[in-house]
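Residue numbers 1 to 161, in the UniProt record's numbering, belong to the letters of the sequence shown in order.
No residue lacks a Cβ here, since even glycine has one placed at the ideal position from N, Cα and C.
Single-structure report; data block below.
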Amino acid sequence: MMLPSSSPLLAGQLQKTPVNTTPSKVALSPSKSLSERDLSCSTDINTSKQESRLQREVGFLSVQGMTLNKSDCSAWSSHDIHKLLTTPKTSGGIGLVAEQIVGVTLYGSDLETVVDALIRFEGDDEDKIEHACAQIFIDDLSMRIRQPIVRWILQNLLKRM
């Protein structure tokens, strides 16, 4: 392709774009130390985490013929909780294998402790889950069993404010 002789490229002329040489106003204040600036950034991050506060769900949960009050898991029987633990996830349960929880008895008060831990702990969901897992004081319960229980509680018994 041939360019006409009046083209600036052939004539050796380039169109210049003006360059901004004024200093940017985004510069950090020299009066603040680096750690103070870091703290102000982390405060902004914590603020966004706090916006995702949790509260108890209200209503009833129906799983495998059981009707459970979402707002009062302390009233759930250990038999109902055991059934909930072994009910497949596709049916609304936690989905643990029965052999994983042989000899383990969870009470409604244990679940209530997890609910309270999730609500009160500040941080993202993974931090909340880790904290709540540590609040289950049953020696025979491994982390492989605690995490699905806590995640189920987070998804089914709590809601974001």
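(1) Taking the beta carbon of G93 as the centre, do at least 16 other beta carbons fall within 10 Å, making it buried, or is it exposed?
(2) When burial is assigned at 16 or more other CB atoms within 10 Å of the CB, is R53 buried or exposed?
(3) From M161, L158, P148, S74, pick the residue whose C-alpha is nearest to that of K89; which is it?
(4) Please classify A75 as buried or exposed, where buried requires at least 16 other C-beta atoms within 10 Å of its C-beta.
(5) What are the residues that DSSP puts in a beta bridge with L141?
(6) Looking only at its chain, what residues have a beta carbon closer than 8 Å to the beta carbon of A98, apart from the 5 residues adjacent to it on each side?
(7) Given a cut-off of 8 Å on the beta-carbon distance, is the pair I145 and V114 in contact?
(8) Excluding sequence positions up to five away, which residues of its chain have a Cβ less than 6 Å from the Cβ of S71?
(9) With respect to the alpha helix (DSSP H) encompassing T90, which residues constitute its N-terminal and C-terminal limits?
(10) If you measure between the beta carbons of C73 and L106, is that distance less than 8 Å?
(11) Taking the beta strand (DSSP E) that L68 belongs to, which residues open and close that run?
Considering the structure as presented:
(1) buried
(2) Label assigned to R53: exposed.
(3) Nearest of M161, L158, P148, S74 to K89, Cα basis: P148.
(4) Residue burial annotation: A75 is exposed, with fewer than 16 other C-beta atoms found within 10 angstroms of its C-beta.
(5) Looking at the DSSP assignment, L141 forms no beta bridge with any residue, so it has no partner.
(6) Excluding sequence neighbours, A98 sits near T86.
(7) no
(8) The answer, listed in chain order, is R56, V58.
(9) Premise fails: T90 is in no alpha helix (DSSP H) and is neither H nor E.
(10) If you check the CB distance, C73 and L106 do not come in under 8 Å.
(11) Boundaries of the beta strand (DSSP E) harbouring L68: 66–69, taken from the DSSP string.
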